[in-house]
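Just so you know, we're using this note's numbering here: the sequence shown kicks off at 3 and counts up by one. Just so you know, even glycine gets a beta-carbon here, dropped at the ideal spot from N, CA and C. Worksheet for the structure shown next.
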Amino acid sequence: MDQHDFVRLSLLAFGLVVLSFVVLGFSRIVLPSFRAAQTVAAPIGLVGFALAVFLFLRATAAAIGLAPIEESADGDGGGGGDGNAGGNESA
């Protein structure tokens, strides 16, 4: 797993948790009971929460050195897309 994948999964986890609240709110309007709305929204929230727990454990393992997260493999070094990784202009 590289940094790009880690960030992508983090955004996915955040999106799933937010989506579960949106589904819960919409389901409360459409479905006849709050229990049914919770039943519809719960799987989405559980997957998002489980992904967040996995990412926390993965980041902890990287912080203590057990399983480091590799640098991004996109090749530009994060320098803004112009190929100049350091950001220094040399004329």
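Three-state secondary structure (DSSP) of residue i
i: residue 45; result: helix
First through last residue of the alpha helix (DSSP H) which encompasses residue i
i: residue 15; result: 5-32
Beta-carbon spacing of residue i, residue j below 7 Å
i: residue 13; j: residue 49; result: no
i: residue 57; j: residue 21; result: no
With 16 other Cβ atoms within 10 Å as the buried cut-off, status of residue i
i: residue 69; result: exposed
i: residue 93; result: Interpretation of residue 93 is limited by its pLDDT of 47, a score under 50 that renders its predicted location unreliable; the figure taken from the coordinates is listed afterwards. So residue 93 counts as exposed.
i: residue 52; result: exposed
Does the pairing of the stretch 15-31 with the stretch 41-48 give three or more beta-carbon distances under 8 Å?
yes
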